[in-house]
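Residue numbers (our numbering): -6 to 181. Glycine included, each C-beta is placed from N, C-alpha and C at the ideal position. Contents: one structure, followed by commentary.
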Amino acid sequence: ILGWDDPLPLRLLPQWKEVVSTCLEVQNLVMPRSYYPAGHGIPEKQQLFAFADASDLAFCCVVYIRTVTTTGEVFVAFVYGSSNVLPKGTTYKGCLSIPRAELCAATSLAEKVRDIELELKSTGEGSALSEPTQYFTDSQDVLDWLANTKDRQKRYVANRVRQILTNSSLPSWHHIPCLLYTSDAADD
């Protein structure tokens, strides 16, 4: 039995090198995926729909792509989803701030959508991204912060608003009521 800090015996070294080599190869693994079924035309229009939400413990982001093909059929496919534990700084005066958590979710979403759009364009999949991405949040606070051009905002908020508006545009952000928000259904 080996202890945590014991050196690896020479007889196990070839196997260890193979494990390390395999791990390095897996990092380069790419699995192409289709966002619409084959044999149903080619994409005429594509648009991303992105959702952000937060709770008192975590935030999440989900992105879907809507494709209209030359046959007139419409397909919606899952592109990306993530959940993250809330980062430090989502408190205000020592208490958890759900609006700040929602702002973190929106910031993460805008950055991820930028990456997705660049990836789709680099692979040729995004050539039909004919409509701007639409972003949704159930936080009116986030939308108010994004739309605020008059009042000076706290540094925490101002930095995240700048990041969001660098990666997206204000008209593409929309409010969706909590009752209609699919991610909130899991909270009940």
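Boundaries cannot be given for Ala31, as no beta strand (DSSP E) includes it and DSSP labels it neither H nor E. Between the beta-carbon of Leu89 and that of Asp49 there is about 6 Å, and that keeps the pair under the 8 Å contact cut. Between Val61 and Glu37 a beta carbon distance of about 5 Å is seen, short of the 8 Å cut, so the two are scored as contacting.
Taken in chain order, the whole beta strand (DSSP E) runs of length 3 or more contained in the segment 3 to 65 are 36 to 47, 51 to 62. In chain order, Arg93 place their CB closer than 7 Å to the CB of Tyr85, counting only its own chain and leaving out the 5 sequence neighbours on each side. Unbroken beta strand (DSSP E) runs of no fewer than 3 residues, entirely contained in the segment 115 to 180, are found at 127 to 130, 166 to 168, following chain order. For Arg59 against Phe42, the beta-carbon gap comes to about 6 Å, under 8 Å, which counts as contact. The Cβ atoms of Tyr128 and Leu96 do not sit closer than 8 Å to each other.
Residues of the same chain with a CB within less than 8 Å of the CB of Glu104, apart from the 5 flanking positions on each side, are Gln156, Asn160 in chain order. Closest in alpha carbon position to Thr63, among Glu124, Ser165, Tyr29, Leu3, is Tyr29. Closest in C-alpha terms to Gly65, from the list Thr15, Ile35, His168, comes Ile35. Here Ala98 is buried, its C-beta having at least 16 other C-beta atoms within 10 Å. Under the criterion of beta carbons closer than 8 Å, Leu113 and Leu122 qualify as touching, at roughly 6 Å. Ile109 is positioned such that its CB atom lies closer than 8 Å to that of Val56. Short of 6 Å from the beta carbon of Val78, and not among the five residues preceding or following it, lie these beta carbons of its own chain, in chain order: Ala51.
Rounded to the nearest angstrom, the gap between the Cα atoms of Val13 and Pro7 is 10 Å.
Each of Ser27, Ser75, Thr83, Ser115 was checked against the Cα of Phe68, and the nearest Cα belongs to Ser27.
Per the coordinates, the alpha-carbon of Met24 lies some 19 Å from the alpha-carbon of Val106.
Lys143 and Gly117 have their C-alpha atoms some 41 Å from each other. Each residue's CA atom was taken as its position, placing Ala31 and Ile169 some 33 Å apart.
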